[in-house]
Amino acid sequence: RNSTMCNYRVYALTGKAVDSETTNPLEIRFHTACAVSQWYSLEDSEHGHQKNRHYWYKYFLPVMDSPLVGVTVKIAGEDGWGVENIHVENLCTKRVFDMNCQPNLCVVDRPHAPKLFIPVA
Numbered sequence: 051r052n053s054t055m056c057n058y059r060v061y062a063l064t065g066k067a068v069d070s071e072t073t074n075p076l077e078i079r080f081h082t083a084c085a086v087s088q089w090y091s092l093e094d095s096e097h098g099h100q101k102n103r104h105y106w107y108k109y110f111l112p113v114m115d116s117p118l119v120g121v122t123v124k125i126a127g128e129d130g131w132g133v134e135n136i137h138v139e140n141l142c143t144k145r146v147f148d149m150n151c152q153p154n155l156c157v158v159d160r161p162h163a164p165k166l167f168i169p170v171a
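Residues 51 to 171 in our numbering are what the sequence shown spells out, letter by letter.
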């Protein structure tokens, strides 16, 4: 097995609502039944911190050893983010984990909800 390929491919879908988009820095951490990862930035070279409405963003992040039970997202500023879906694929095991915020959005917004745990659906 090639360890350089053992990553999560993470897709994050911003919601359709008018104030779902953000330019504030976002971070994610992964939860398994027995461990929690460090925080990872949801920033990419093409879009920076920008999260436009109803757009999928893709990231490659280090994989954890056990199946996911959920993720926590965190925002740094006061311009909130409305999350519709977070889709995580383990590129080694091919397991897929979906954190779906339908029918309502999951919203992270300072000062009221700077962090939010989203369980696997």
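Where is the CB? At the ideal position from N, CA and C, for every residue including glycine.
Q: Leaving out five residues on either side along the sequence, give the residues of the same chain with a beta carbon under 7 Å from the beta carbon of residue 145.
A: In the sequence shown, the residue the question calls residue 145 occupies position 95. Hits under 7 Å: 117.
Q: Identify every run of the alpha helix (DSSP H) within the region 87-158, keeping only runs that are complete inside it and at least 4 residues long; order them along the chain.
A: Runs of the alpha helix (DSSP H) inside the region 87-158: none found.
Q. Would you say the region 65-83 touches the region 95-113, given that touching needs at least three Cβ pairs under 8 Å?
A. yes
Q. Would you call residue 169 buried or exposed, if buried means 16 or more other Cβ atoms sit within 10 Å of its Cβ?
A. Position 119 of the sequence shown, counted from the start, is the residue given in the question as residue 169. Residue 169 should be labelled exposed.
Q | Min CB distance residue 116 to chain D below 8 Å | A | This model lacks chain D altogether; it includes just one protein chain.
Q. Taking C-beta to C-beta, are residue 161 and residue 125 nearer than 8 Å?
A. Counting from one through the sequence shown, the residue named residue 161 turns up at place 111. Counting from one through the sequence shown, the residue named residue 125 turns up at place 75. No, Cβ-Cβ distance for residue 161 and residue 125 is not below 8 Å.
Q: Give me the Cα-Cα distance between residue 134 and residue 81, rounded to the nearest whole angstrom.
A: Position 84 of the sequence shown, counted from the first residue, corresponds to residue 134. Position 31 of the sequence shown, counted from the first residue, corresponds to residue 81. Taking the straight line from one Cα to the other gives about 19 Å.
Q. Which one or two residues does DSSP pair with residue 160 in a beta bridge?
A. Numbered from 1 along the sequence shown, position 110 holds the residue referred to as residue 160. DSSP lists no partner for residue 160.
Q) What do you reckon, are the CB atoms on residue 109 and residue 97 nearer than 8 Å? A) For the purposes of this step, residue 109 is taken as residue 59 along the sequence shown, with counting starting at 1. For the purposes of this step, residue 97 is taken as residue 47 along the sequence shown, with counting starting at 1. Not closer than 8 Å, so no.
Q) Leaving out the 5 sequence neighbours to the left and right, which residues in its chain are closer than 8 Å to residue 154 when beta-carbon positions are compared? A) The residue given as residue 154 occupies position 104 in the sequence shown. So the list is empty, once near-sequence residues are dropped.
Q) Taking the continuous beta strand (DSSP E) assigned at residue 64, which residues delimit it? A) Taking the sequence shown and counting its residues from 1, the one referred to as residue 64 is at position 14. Looking at the DSSP string, the run of the beta strand (DSSP E) that includes residue 64 is 57-64.
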